[in-house]
Amino acid sequence: DGLMNHPQQAMWERLLVMLAEAQSSFQEYFALLTHEEHTIRRMDRKGLTDVNGQKEQVLDRMCRLEQQVERELQQLVGATVTENLLSWLKKAADPRAQSAHGMLTELLRLARMIQEQGKKNEALICRIQHRVREAIHLMYTGVGTGPVYQGSGIMNFPSVPSSVHLQG
């Protein structure tokens, strides 16, 4: 029985190492997203290019680890376990299963934080894009009271905007 248990022991050890790596990758990605938010606010184009390159590298690592963890868990748990993996790990007798459960729970928490920060950054970028579009629109159309150069050489004299338009 001691010999039979050895390969499984090695699998648990590998799984825990992978989960620890995944955890540090998730933490690194979250830190990059937080850094990205500050970079967006500073309008630092070079900084954004750098942070995006780093994000891609970490994302690749995260995807690779996720696949490895999945494979390892399938080997350990077997295809027989159809119930929720977290509850299976919680019930498992092996103390390493408890560690794996704790690490997976932490990974899920980090994944939620990453999702929230990602949405925040996206909203920030959308707001900036909107402001830039409005500024460009204003540059091309003027404030709507003076003649506007149409690019074709024709001067266009818009009608004075009514108060209804100004309120919109």
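Heads up: the sequence shown runs through residues 891 to 1058, numbered per our numbering.
We put the CB at the ideal spot given by N, CA and C, even for glycine.
These numbers were taken from a predicted model, which means no experiment stands behind them.
Is the distance from the Cβ of residue i to the Cβ of residue j below 9 Å?
i               : j              : result
leucine 906     : methionine 993 : yes
valine 959      : methionine 901 : no
isoleucine 1004 : tyrosine 919   : yes
alanine 1012    : glutamine 913  : Here residue 1012 turns out to be glutamate, not alanine, going by the sequence shown. Their beta carbons are not under 9 Å apart, which means glutamate 1012 does not touch glutamine 913 by this criterion.
leucine 975     : glutamine 898  : no
leucine 842     : glutamate 956  : The structure shown does not extend to residue 842, since the chain is modelled only from 891 to 1058, so the question has no answer here.
At what residues does the alpha helix (DSSP H) containing residue i begin and finish?
i               : result
aspartate 950   : 935-967
asparagine 1011 : 985-1031
If we ignore side chains and look at the alpha-carbon of each, how far apart do residue i and residue j end up?
i              : j               : result
alanine 1001   : histidine 991   : 15 Å
leucine 923    : lysine 1010     : 9 Å
alanine 1069   : isoleucine 1018 : Given a span of 891 to 1058 for the chain in the structure shown, any question on residue 1069 remains unanswerable.
glycine 1008   : glycine 968     : 34 Å
arginine 954   : glutamate 946   : 12 Å
arginine 986   : histidine 928   : 39 Å
arginine 988   : valine 948      : In the sequence as displayed, the identity of residue 988 is glutamine instead of arginine. Near 27 Å, if we compare the C-alpha coordinates of valine 948 and glutamine 988.
leucine 979    : aspartate 934   : 45 Å
arginine 951   : serine 915      : 7 Å
lysine 981     : leucine 963     : 15 Å
arginine 932   : histidine 896   : 54 Å
glutamate 903  : leucine 998     : 20 Å
alanine 1025   : isoleucine 930  : 18 Å
glutamate 1006 : serine 977      : 25 Å
arginine 961   : alanine 983     : 21 Å
histidine 1020 : valine 941      : 22 Å
valine 1022    : glutamate 911   : 40 Å
glycine 943    : glutamine 917   : 17 Å
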